[in-house]
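Trainee: The numbering of the sequence shown is numbering that gives the first Met the number 0, which starts it at 0 and goes up by one.
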Amino acid sequence: MRRPYRNLAVALSVLLACAGTAADARGQKHDGGGNGNGGRAEARRDVRTVTIPVTLRLPERAQQAEVSYLDDLQIFEDGERQEILAVRGAGRSPLTLAVLIQDDLISSISNEIKGIASFVRKLPPGSRVMVGYLSSGSLRVRQKFTNDLERASQSLRIPLSSTAASPYNPFSLTRDAVKRFESLPVGRRAVLVLSDGIDLSRGLTNSSPAQSLDLQRLINESQRLGVAVYAMYAPSVSGGDALLVGNGQGSLQRLSDETGGHAFFQGTGAPVSLDQYLRELDALLSRQFALTYLSTHPDQGFHKVRVVANTGDAAEIFYPKGYTFKK
């Protein structure tokens, strides 16, 4: 008779142990994990990494101060300081660059192709370059992204300089080029676009920097993919009055400002030469960094970004004004 009682006692012990374990589990779930590991795991699900292009523009005398500026960098998103995970410059992150030329620019721009080709050849080893033309109908890609800088430079040709080659609008085709960055490794990304910046696809009113729908779409896409746009203004063969030229330059300025790039103008006419622009662009790209940080804002929508460094009056910082997050 002892064995049945002994078996019953063992069974009761097992039941009590299981009940205690279940109670402990319920308690840990209620208070966030008891030892805190559950709370941290939950918090980590609410963060994500974001990479943006940041460029320092330093005067000649301040070149040696670049490292100290980087040490002082701070990043804010929606007004809250975020944790910086990495700052990768030219030595750690190769440049990925798309060179885009509007195909109906005036014929004097043909003289600048040799200088642009030389600029491409002199990019740091490991750089990837794509060459395309904003032409009628679609983006004409002359060279897909390649590490062969000589091959990329040879793919450049003079623009057609004809109204028959005029694009629907320069911004929708530039956006098509920006989308091609999505399949590439995250890092330092930039676009050099030579354009008049005039978008008449939806009428004169929508050609203004504040009204162009395709300009806004291009800005959104560039911010989402961490691509800085460097715009150089040149007039097209179709010309334009002072209002259109102002809208075009204003649109290129807004595009560069909001993506972390820089815009280059010489009055309202064609540049005498692009050499000075290209030298300045080379200096800017050499100080472009891919800044990766931990965002604590998981909500969809636009998130405003601000980068701060202790530069005083010695330097400028270019960075995108924000980005739109979609799950």
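By construction, the Cβ of each residue, glycine as well, lies at the ideal position given by its N, Cα and C atoms.
1. Kindly indicate the opening and closing residues of the alpha helix (DSSP H) around Tyr318.
2. Which stretch, first to last residue, makes up the beta strand (DSSP E) that contains Ile83?
3. List the DSSP bridge partners of Glu76.
4. Among the residues of its own chain, which have a CB less than 6 Å from the CB of Gly321, if the five just before and after it don't count?
5. Here's a check: name, in chain order, each residue in its chain whose Cβ is nearer than 7 Å to the Cβ of Ala151, leaving out the five neighbours to either side.
6. Which partner residues does Tyr232 have in the DSSP bridge list?
7. Could you spell out the range, first to last residue, of the beta strand (DSSP E) harbouring Ile112?
8. When you compare only the Cα positions, how much space is there between Thr327 and Ser106?
9. For Leu172, which residues from the same chain have a beta carbon less than 6 Å from its beta carbon, with the 5 sequence-adjacent residues on both sides left out?
10. Terminal residues of the continuous beta strand (DSSP E) containing Val128?
11. With H, G and I counted as helix, E and B as strand and the rest as coil, what does DSSP make of Ala178?
12. Might you give, ordered along the chain, the residues of its own chain that have their beta carbon closer than 7 Å to the beta carbon of Lys28, omitting 5 neighbours on each side?
13. Ignore the nearest five residues each way along the sequence and tell me which others in Leu72's own chain have a CB closer than 6 Å to its CB.
14. Please state whether DSSP places Gln265 in a helix, a strand or coil.
15. Compute the distance between the beta-carbons of Asp103 and Ser154, then report whether it is under 9 Å.
16. Evaluate Gln299 with the Cβ neighbour count: other Cβ atoms within 10 Å of its Cβ, from every protein chain shown; 16 or more gives buried, anything less gives exposed.
17. In the DSSP assignment, find the alpha helix (DSSP H) that holds Thr291 and state where it starts and stops.
18. Since Thr162 sits in a beta bridge, which residues does DSSP pair it with?
19. In three-state DSSP terms, what is Arg47?
20. Quick one: what's got a C-beta closer than 8 Å to Ala189's C-beta in the same chain, skipping five residues either side?
21. Which residues mark the beginning and the end of the beta strand (DSSP E) in which Arg141 is found?
Mentor: Once the coordinates are examined:
1. Within the sequence shown, residue 318 is the residue found at index 319, counting from 1. It is not in any alpha helix (DSSP H) - Tyr318 carries neither H nor E in the DSSP assignment.
2. The sequence position of residue 83 within the sequence shown is 84, counting from 1. Ile83 -> beta strand (DSSP E) spans Glu79 to Arg87.
3. Residue mapping note: residue 76 aligns to position 77 of the sequence shown, counting from 1. In the DSSP output, where bridge partners are listed per residue, Glu76 has Glu79 and Val304.
4. In the sequence shown, counting from the first residue as 1, residue 321 sits at position 322. For Gly321, where only same-chain residues beyond five positions count, the Cβ hits under 6 Å are Phe301, His302, Lys303 and Val304.
5. As a position in the sequence shown, residue 151 is number 152, starting the count at 1. Closer than 7 Å at the Cβ level, and outside the excluded window around Ala151, lie Val119, Val128, Val130, Gln142 and Thr145.
6. For the purposes of this step, residue 232 is identified with residue 233 of the sequence shown, where counting begins at 1. For Tyr232, which the question treats as bridged, DSSP gives the partners Ser194.
7. Position 113 of the sequence shown, counted from the start, is the residue given in the question as residue 112. Looking at the DSSP string, Ile112 is not in any beta strand (DSSP E); the run it does join, the alpha helix (DSSP H), is Ile112 to Arg120.
8. Residue 327 is absent from the structure shown; the chain starts at 0 and stops at 326.
9. By 1-based counting over the sequence shown, the position of residue 172 is 173. Around Leu172, the same chain offers Leu133, Leu138 and Pro166 as residues with beta carbons nearer than 6 Å, after the five sequence neighbours per side are excluded.
10. For the purposes of this step, residue 128 is taken as residue 129 along the sequence shown, with counting starting at 1. For Val128, the uninterrupted beta strand (DSSP E) run begins and ends at Arg127 to Leu133, by DSSP.
11. Residue numbering aside, residue 178 sits at position 179 when the sequence shown is read from its first letter. First, the amino acid is wrong: residue 178 is Lys here, not Ala. Helix at Lys178.
12. Locating residue 28 in the sequence shown gives position 29, where the first residue counts as 1. Bear in mind that the predicted position of Lys28 carries a pLDDT of just 40, short of 50, making it unreliable; the figure below should be weighed with that in mind. Scanning its chain for C-beta atoms nearer than 7 Å, with the 5 sequence neighbours on each side dropped, one finds no residue around Lys28.
13. To locate residue 72, count along the sequence shown from 1; it is residue 73. Excluding positions up to five away in sequence, the list reads Ala308.
14. Counting from one through the sequence shown, the residue named residue 265 turns up at place 266. Three-state result, Gln265: coil.
15. In the sequence shown, the residue the question calls residue 103 occupies position 104. In the sequence shown, the residue the question calls residue 154 occupies position 155. Asp103 is not a Cβ neighbour of Ser154, given a cutoff of 9 Å.
16. For the purposes of this step, residue 299 is identified with residue 300 of the sequence shown, where counting begins at 1. Exposed.
17. As a working mapping, residue 291 is identified with position 292 in the sequence shown. In this chain, Thr291 is not harboured by any alpha helix (DSSP H); it is covered by the beta strand (DSSP E) spanning Gln287 to Ser294.
18. Counted from its first residue, the sequence shown places residue 162 at position 163. Under DSSP, no beta-bridge partner is assigned to Thr162.
19. The residue you call residue 47 lines up with position 48 of the sequence shown. In the structure shown, the three-state DSSP call for Arg47 is strand.
20. Within the sequence shown, residue 189 is the residue found at index 190, counting from 1. For Ala189, same chain residues with a beta-carbon under 8 Å away, outside a window of 5 residues either side, are Pro52, Leu94, Thr95, Leu96, Ala97, Val226, Ala227, Val228, Tyr229, Gly260, Leu284 and Gln287 in chain order.
21. Here residue 141 refers to the residue found at position 142 when the sequence shown is read from its first residue. Run containing Arg141: Leu138 to Thr145, per the beta strand (DSSP E) assignment.
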